[in-house]
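First up is the structure itself, then whatever we jot down about it.
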Amino acid sequence: REAPPDLSGQWVTARVEGDPGKLLQVLGKSWFRRRLAKMVNYGVGKMHKHFIQNGDDLRIEVSSPAGKFVEEFTVGSGRHSAVDDEKNKIEREVQWEGQALFVQVWKGNVYYTTQVYLEPGATAQ
Numbered sequence: 001r002e003a004p005p006d007l008s009g010q011w012v013t014a015r016v017e018g019d020p021g022k023l024l025q026v027l028g029k030s031w032f033r034r035r036l037a038k039m040v041n042y043g044v045g046k047m048h049k050h051f052i053q054n055g056d057d058l059r060i061e062v063s064s065p066a067g068k069f070v071e072e073f074t075v076g077s078g079r080h081s082a083v084d085d086e087k088n089k090i091e092r093e094v095q096w097e098g099q100a101l102f103v104q105v106w107k108g109n110v111y112y113t114t115q116v117y118l119e120p121g122a123t124a125q
């Protein structure tokens with residue numbers, strides 16, 4: 001396996017792909033919460049994440065217009081129970097895919113994925 005990227009540093013959400021409004025609806029978020037998310041462009045330029053990484057162990061401190069949230073996990077440790085930013089129970093599996101952090105999430109009968117990666121030429125601060 002190639003060495004994982006070092007994601008340590010301060011991150012700001014630069015882009016959201018897909019239909020985030022639909023995802024929030026499927027996840028059961030209220031109309032008010034969905035409207036608020038849309039008003040702040042789904043966190044683009046406003047959602048800050050501080051990554052603290054030691055090999056495969058990650059701590060991510062998230063600060064957004066919706067509040068603060070901390071998550072900790074070990075990449076490659078398999079599917080495990082966790083909580084989301086609203087303290088709802090989820091199942092999550094996190095693994096490296098090349099130089100990207102690939103996250104699979106199950107919440108009830110809803111399944112979705114996210115990826116975290118540095119674009120070529122970009123840096124975390």
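Sequential numbering from 1 applies to the sequence shown in full-length UniProt numbering.
Each residue gets a CB set at the ideal place from its N, CA and C atoms; glycine is no exception.
Same chain, Cβ closer than 7 Å to residue i, five either side skipped, listed in chain order
i      : result
Val116 : Leu7, Ala100 and Leu101
Ser81  : Lys89 and Glu91
Cβ-based neighbour list, residue i, same chain, cut-off 6 Å, excluding 5 preceding and 5 following
i      : result
Thr113 : Gln104
Asp57  : Thr74
Through-space distance from residue j to residue i, alpha-carbon basis
i      : j     : result
Leu36  : Ala14 : 18 Å
Trp31  : Ala3  : 42 Å
Trp106 : Ser64 : 22 Å
Val16  : Lys68 : 19 Å
Lys29  : Lys22 : 10 Å
Buried/exposed call for residue i, threshold 16 Cβ in 10 Å
i           : result
residue 212 : The shown model of the chain, from 1 to 125, leaves out residue 212, and the question about it has no answer.
Lys49       : buried
Met39       : exposed
Gly18       : exposed
Beta-carbon contacts of residue i that lie in its chain and below 8 Å, excluding the five residues immediately before and after
i     : result
Gly55 : Pro4
Gly76 : Asp56, Val94, Gln95 and Trp96
Collapsed DSSP secondary structure at residue i in the structure displayed
i      : result
Lys89  : strand
Ala100 : strand
Tyr117 : coil
Quick check on the DSSP output: what are the complete alpha helix (DSSP H) runs of length 4 or more inside the stretch 7–83, in order along the chain?
20–26 and 31–39
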